[in-house]
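Numbering (our numbering), first residue to last: 3 to 70.
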């Protein structure tokens, strides 16, 4: 999972993901909002990719073709 944070640089705020600078904004509130949205999106993605929700094998077996 990605760890998000923000640091103040001059009059701006820099959003970081895993200690890597990814975005610079002028508002602390906007930086916090972006972190919240990114976390929500990653959590939603993890739920979609769960093997319990989407099994790898199909539910129905394919019948072999008839040869005449």
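Cβ coordinates follow ideal geometry from the N, Cα and C atoms, glycine included.
No experiment lies behind these values; they were computed from the predicted model shown.
Taken through DSSP and simplified to helix, strand or coil, residue 38 comes out as helix. For residue 27, the uninterrupted beta strand (DSSP E) run begins and ends at 22-27, by DSSP. Residue pairing of residue 16 in beta bridges, as defined by DSSP: 9, 26. Residue state for residue 64 is assigned as coil, using DSSP reduced to three classes.
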